[in-house]
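I have placed the structure first, in the form of structure tokens, so that the comments after it can refer back to it.
Number of protein chains: 2
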Amino acid sequence: MISFEGLRLEEGQPIYQQIVLHVKRGVVSGAIADGDELPSRRILSAVLGVNPNTVQKACRALEEEGLIASHAGARSFAVVTPEIIAACRAELVRGGAESWARAARGLGLGLDEALELIREVWDCSKEGEEP
Amino acid sequence: MISFEGLRLEEGQPIYQQIVLHVKRGVVSGAIADGDELPSRRILSAVLGVNPNTVQKACRALEEEGLIASHAGARSFAVVTPEIIAACRAELVRGGAESWARAARGLGLGLDEALELIREVWDCSKEGEEP
DNA sequence: TAAACCGTACTATGCGAATAATACAGTCGC
DNA sequence: GCGACTGTATTATTCGCATAGTACGGTTTA
């Protein structure tokens, strides 16, 4: 069963996108394997404290991207292939790195400064991680 | 006069926040100096192709943060102090670095992999820069 | 088979962002 | 002083996100 315990909803971004992102992170980190079952729409919405329609919207998006498969009437389950893992990894890590690098360059940072900054905040980012 | 030529509006984020971000980037990169005049709300809204109220909302936010000063009836101008530059720099670069580092760690990357990824996308981010 | 669960769809409502169209008062240059 | 500009405020409308409630048909399982 796919876990949504670590999902902390934040405002400023659509909830259904945060749910999609949580699944993609799980796929990339290996927490979600091929064939893993999703909680039902109703149960997941109760767990997250959001509306079932919001969960359904996220599931619809996930199915359109091929990350889950839904048989009307039965539980949905994850579809994880090496191609999907690679696609999610590229989207999540590399996409974020590119946008940050572009921003840093636009702000006048050099490569060495950027690398040093990452080194600094890397240790900082260790604090506050869940056990 | 503060330039907004390089501002390319994207959907998915409130326009007024993008305007605020553009000004902060200009302050950090040195493109905006203390006392620089802003285009009028009406002219800027025409240039960006958005509603004057949206520009006004951005200007209101900028004034509340102390980045611009507005005398009712006269042109607004930028207020750039070393403290403001430091604050903007911290908010823009370090904030982005922290969030990306946290995401990369959550995805199972190590520091060395993260640094290597930044090195890769750094060259990639050079392409597509405006002259 | 029948109850309990599942995915899916639909309409209605509230809210914030953005748009649109004004209106008013203060400042500047002639 | 006067006209052209400025910042500021107001109301109404549209759109996407989230909520709320309900309904239908398929699947599972006891």
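The listed protein sequences derive, respectively, from chains A and B. Position in the first sequence counted from 1, then plus 215, gives you our numbering. Position in the second sequence counted from 1, then plus 215, gives you our numbering. Even glycine gets a Cβ: it sits at the ideal position worked out from N, Cα and C. This structure is a prediction, so every number in the text was calculated from the model and none was measured.
- At a cut-off of 8 Å between beta carbons, A/Ser218 makes no contact with chain B.
- Counting the other Cβ atoms within 10 Å of the Cβ of A/Ser218 gives fewer than 16, which makes it exposed.
- Note on geometry: alpha-carbon atoms of B/Ala273 and A/Ala312 lie some 27 Å from one another.
- The beta-carbon separation of A/Ala284 and A/Phe292, rounded to 6 Å, stays under the 8 Å limit for a contact.
- A/Val238 places its beta carbon 8 Å or farther from that of A/Arg304.
- Cβ neighbours of A/Ile234 within its own chain (closer than 6 Å, five residues either side excluded): Ala273.
- Cβ-Cβ separation between B/Leu307 and A/Ala329: approximately 13 Å, too far for a contact (criterion under 8 Å).
- For the segment 236 to 267 of chain A, the residues whose beta carbon sits under 9 Å from a beta carbon of chain B are, in order, Arg240, Val243, Ser244, Gly245.
- For A/Ile333, the closest Cβ of chain B is nearer than 8 Å.
- When Cβ-Cβ separations below 8 Å define contact, B/Ala305 makes no contact with chain A.
- Around B/Leu324, the beta-carbon contacts reaching into chain A at under 9 Å are Val308.
- Annotation: Cβ neighbours of A/Val336 in chain B (cutoff 8 Å, chain order): Arg309, Ala312, Glu313, Ala316.
- Listed by position along chain A, the residues whose Cβ is nearer than 8 Å to that of B/Leu330 are Leu330, Ile333, Arg334.
- In this structure A/Trp337 is not in contact with B/Leu332, their Cβ atoms being roughly 12 Å apart against a cut-off of 8 Å.
- Only those residues of the segment 263 to 295 of chain B whose C-beta falls short of 7 Å from the nearest C-beta of chain A would be listed, and there are none.
- Using a Cβ-Cβ cut-off of 7 Å, A/Ala319 is close to Val308 of chain B, given in chain order.
- In the three-state scheme derived from DSSP, where H, G and I count as helix and E and B as strand, A/Glu335 is classed as helix.
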